[in-house]
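Top to bottom, those sequences are chains A and B. When the letters of the first sequence are read in order and numbered with the working numbering, they come out as residues 3 to 238. When the letters of the second sequence are read in order and numbered with the working numbering, they come out as residues 3 to 238. Each residue gets a CB set at the ideal place from its N, CA and C atoms; glycine is no exception. Heads up, the thing below is written out as structure tokens.
Number of protein chains: 2
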Amino acid sequence: MDLSRCDVESAMADHSFFGGLSSEERAELMDRGQVQTATSGTILFQHGEAYRGFYLVVKGSVHIYRLSPEGRMLVLHVMRPGESFAEVPLFEGGNEDTYPATAETLADSAFLFFPEAAFLDFIDHNPRTALHMLGQMAGRLREAVRQLDAVSLHDVQERLARHLVEQVPAAPDDPETPPTVKLDIPKSILAAELGTVPETLSRALRALEEENLIRSRPSEIALMDVRGLRRLVRRN
Amino acid sequence: MDLSRCDVESAMADHSFFGGLSSEERAELMDRGQVQTATSGTILFQHGEAYRGFYLVVKGSVHIYRLSPEGRMLVLHVMRPGESFAEVPLFEGGNEDTYPATAETLADSAFLFFPEAAFLDFIDHNPRTALHMLGQMAGRLREAVRQLDAVSLHDVQERLARHLVEQVPAAPDDPETPPTVKLDIPKSILAAELGTVPETLSRALRALEEENLIRSRPSEIALMDVRGLRRLVRRN
DNA sequence: CGGCTACTTGACTGTGGTCAATTGGTGTGG
DNA sequence: CCACACCAATTGACCACAGTCAAGTAGCCG
Numbered sequence: 003m004d005l006s007r008c009d010v011e012s013a014m015a016d017h018s019f020f021g022g023l024s025s026e027e028r029a030e031l032m033d034r035g036q037v038q039t040a041t042s043g044t045i046l047f048q049h050g051e052a053y054r055g056f057y058l059v060v061k062g063s064v065h066i067y068r069l070s071p072e073g074r075m076l077v078l079h080v081m082r083p084g085e086s087f088a089e090v091p092l093f094e095g096g097n098e099d100t101y102p103a104t105a106e107t108l109a110d111s112a113f114l115f116f117p118e119a120a121f122l123d124f125i126d127h128n129p130r131t132a133l134h135m136l137g138q139m140a141g142r143l144r145e146a147v148r149q150l151d152a153v154s155l156h157d158v159q160e161r162l163a164r165h166l167v168e169q170v171p172a173a174p175d176d177p178e179t180p181p182t183v184k185l186d187i188p189k190s191i192l193a194a195e196l197g198t199v200p201e202t203l204s205r206a207l208r209a210l211e212e213e214n215l216i217r218s219r220p221s222e223i224a225l226m227d228v229r230g231l232r233r234l235v236r237r238n
Numbered sequence: 003m004d005l006s007r008c009d010v011e012s013a014m015a016d017h018s019f020f021g022g023l024s025s026e027e028r029a030e031l032m033d034r035g036q037v038q039t040a041t042s043g044t045i046l047f048q049h050g051e052a053y054r055g056f057y058l059v060v061k062g063s064v065h066i067y068r069l070s071p072e073g074r075m076l077v078l079h080v081m082r083p084g085e086s087f088a089e090v091p092l093f094e095g096g097n098e099d100t101y102p103a104t105a106e107t108l109a110d111s112a113f114l115f116f117p118e119a120a121f122l123d124f125i126d127h128n129p130r131t132a133l134h135m136l137g138q139m140a141g142r143l144r145e146a147v148r149q150l151d152a153v154s155l156h157d158v159q160e161r162l163a164r165h166l167v168e169q170v171p172a173a174p175d176d177p178e179t180p181p182t183v184k185l186d187i188p189k190s191i192l193a194a195e196l197g198t199v200p201e202t203l204s205r206a207l208r209a210l211e212e213e214n215l216i217r218s219r220p221s222e223i224a225l226m227d228v229r230g231l232r233r234l235v236r237r238n
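Structure follows, in structure tokens:
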């Protein structure tokens with residue numbers, strides 16, 4: 003897999019937290035990380051496994067999920083370049099030192115992997131870092147609450163509508179061309195992100211299309227009536 | 003409402019994070035907080051309101067919840083003495099400075115309230131604090147993931163069984179007396195904690211009772227067969 | 001003792017998950 | 001270049017969990 007040092011640097015710069023560091027700090031951090039690559043469909047770690055460290059996505063994508071006993075999948079998050087994941091066990095008291103979910107690549111991907119000890123050591127020498135991490139964690143927590151709200155208080159159509167309008171910039175770039183969401187992941191993963199199954203997602207798409215709110219194509223969805231979609235989502 | 007300084011100190015000592023501070027640090031922090039009291043049923047803040055600060059429960063209890071448009075309630079957490087809540091907006095970048103959920107007292111309660119600025123200032127002078135906060139946040143995040151898993155991947159009976167066995171110490175204190183969960187909150191709140199409604203909780207309790215797994219009394223539940231309950235929960 | 005609230009029970013319904021069959025789109029090999 | 005094969009996505013038929021509405025019961029406080 004081809005992967006330049008430049009790609010790694012750009013992923014770190016994009017990162018919501020590493021991006022806030024000085025370039026010297028970033029360089030030091032990069033030295034502590036190990037570049038790893040994985041082909042599509044590789045499981046990086048599984049729910050319950052002993053913790054080793056966390057990842058920064060440089061290239062490709064990863065879905066973080068949990069499985070029901072019957073094998074149904076709930077996707078907690080799809081991680082893309084510039085995002086990091088699996089930091090939670092870093093900061094918990096040693097009592098729980100396992101991955102809280104499973105991570106699997108959705109495409110050929112590259113990462114910077116930070117072993118637990120190396121990163122904790124970095125934080126010791128850069129205490130300001132902890133505050134940035136706090137910001138990151140807080141954001142994730144709010145996100146988790148929203149997802150909880152969605153799954154348990156809203157039906158699939160509403161969740162889908164919310165997901166779509168969130169993918170689109172608040173101010174339309176061109177009032178005439180309908181904004182479009184490109185699907186870079188299989189619909190089965192999108193379904194699991196919404197807490198449902200492909201069959202139900204399929205029906206929800208058709209329902210929205212019949213109300214002329216969207217136009218669903220194989221790998222992209224045009225939002226024909228953003229205002230109408232937002233009305234579905236209103237009332238959070 | 004009667005409330006001694008001693009109660010406040012003991013709540014802080016119990017707290018998973020403040021408990022790790024030195025007594026001098028704790029004293030300084032206490033000076034920055036304001037004692038507040040509220041009668042049962044008081045709304046401390048509502049989802050979407052501008053952020054003011056966070057709370058430490060000294061006495062009583064509080065449920066943190068979100069409402070569906072139709073008014074159904076999802077309880078994210080019930081906070082008891084020694085626990086703190088609403089820290090999330092403290093650490094998020096200024097973009098989102100609102101409470102992510104609603105907080106309402108379930109009984110006459112007392113708090114230590116920390117205004118945003120006062121606490122951030124404290125952290126500046128006690129950088130080690132940030133690490134403890136990180137631990138706290140990480141734990142919450144894992145908890146949120148578990149709740150998400152439960153709500154979307156397990157039925158009400160399983161969720162109830164899990165909730166019950168988690169309330170009980172791993173090692174039974176007396177192998178003959180069945181461990182008992184005391185209900186200090188209305189069943190309607192417990193229902194909302196499980197992501198359901200009182201009617202369904204009622205039926206789930208009856209179902210477990212008919213399988214001789216529990217014995218349900220008006221305000222306490224005896225776990226007659228912990229092993230059997232755990233079997234329901236197994237497969238997380 | 002009366003009235004209020006919390007809880008329970010019953011009957012009904014709808015959303016959405018499952019299973020099975022079909023379609024469609026893509027890549028490979030003849 | 002077409003045909004087949006494979007996997008993703010869709011559609012249809014079915015069903016069950018759980019939410020709603022309504023009525024009834026129990027427990028508690030005034």
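Any Cβ of chain A closer than 8 Å to the Cβ of B/Asp110 would place that residue at the interface, and such an atom is absent. Within the same chain, Cβ atoms closer than 6 Å to the Cβ of B/Glu85 are found at Val59, the five residues on either side in sequence being excluded.
Taking all protein chains in view, the Cβ of B/Asp151 is crowded by 16 or more other Cβ atoms within 10 Å, so the residue is classified as buried. Look at A/Gln169: its C-beta is not under 8 Å from any C-beta on chain B.
Looking at the DSSP output, B/Gln159 shares a beta bridge with no other residue. Taking C-beta separations shorter than 8 Å and ignoring five residues to either side along the sequence, the partners of B/Leu215 in its chain run Ala163, Leu225, Met226, Asp227, Gly230, Leu231, Leu234, following chain order. Judged by beta-carbon spacing, B/Ala194 lies beyond the 8 Å limit of B/Ser111, meaning their Cβ atoms are not closer than that value.
Assigned with DSSP and collapsed to three states, A/Ala224 falls in strand.
A/Glu26 and A/Met135 have their C-alpha atoms roughly 18 Å apart. Ranking A/Ile191, A/Leu203, A/Ala209 by CA distance to the CA of A/Met75 puts A/Ile191 first. Along the region 135-155 of chain B, the positions whose C-beta sits under 7 Å from a C-beta of chain A are Met135, Leu136, Gly137, Met139, Ala140, Gly141, Arg142, Leu143, Arg144, Ala146, Val147, Gln149, Leu150, Asp151, Val153, Ser154, Leu155, read in chain order. Judged by beta-carbon spacing, A/Gly95 lies within the 8 Å limit of B/Gly137, meaning their Cβ atoms are closer than that value. By the Cβ neighbour-count rule, A/Ala172 is exposed, with fewer than 16 other Cβ atoms within 10 Å of its own. Boundaries of the alpha helix (DSSP H) around B/His127: 118-127. When DSSP states are grouped into helix, strand and coil, B/His79 belongs to the strand group. Distance from the Cα of A/Phe47 is smallest, within the candidate group A/Phe124, A/Thr104, A/His165, for A/Thr104.
Counting C-beta atoms within 10 angstroms of its own C-beta, B/Gly197 has 16 or more neighbours from the protein chains shown and is therefore classed as buried.
The beta-carbon distance between A/Glu222 and A/Leu185, rounded to whole angstroms, is 6 Å. This is short enough to meet the 8 Å contact definition. Among the residues facing chain B, A/Leu23 is not included, as its CB has no counterpart in that chain under 8 Å away.
With a beta-carbon spacing of about 20 Å, B/Leu108 and B/Ser70 fall beyond the 8 Å limit used to define contacts. With distances taken between CA atoms, B/Phe113 lies nearest to B/Thr44 out of B/Thr44, B/Val90, B/Thr131. In the three-state reduction of the DSSP assignment, A/Leu69 falls in the strand class. Along the region 58-80 of chain B, the positions whose C-beta sits under 8 Å from a C-beta of chain A are Arg68, Leu69, Ser70, Pro71, Arg74, Leu76, Leu78, read in chain order. Contact annotation: the region 154-163 of chain A touches the region 198-213 of chain A, with at least three C-beta pairs closer than 8 Å. Note that the C-beta distance between B/Ala29 and B/Phe56 is not below 8 Å.
By the CB criterion at 8 Å, B/Tyr53 and B/Asp99 fall inside the cutoff. Excluding its 5 nearest sequence neighbours in each direction, A/Ser154 has no C-beta neighbour in its own chain below 6 Å.
DSSP places B/Ile45 within a strand segment (E or B) once states are collapsed to three. Across the structure, B/Met139 and B/Ala146 are spaced so that their CA atoms are roughly 10 Å apart.
For B/Arg205, the enclosing alpha helix (DSSP H) stretches over residues 200-212. Within the region 76-106 of chain B, Leu76, Leu78, Glu89, Val90, Pro91, Leu92, Phe93, Glu94, Gly95, Glu98, Pro102, Ala103 place their CB atoms closer than 8 Å to a CB of chain A, listed in sequence order.
Counting other Cβ atoms within 10 Å of its Cβ, A/Glu212 stays below 16 and is therefore classed as exposed.
Its chain contains Phe113, Phe115 as the residues whose beta carbon lies nearer than 6 Å to that of A/Gln38, once the 5 sequence neighbours on both sides are disregarded; these appear in chain order.
Residue burial annotation: A/Pro174 is exposed, with fewer than 16 other C-beta atoms found within 10 angstroms of its C-beta. In the three-state DSSP reduction, A/Glu85 falls in the coil class, being neither helix nor strand. Burial state of A/Gln149 is buried, judged by a 10 Å Cβ sphere holding 16 or more other Cβ atoms.
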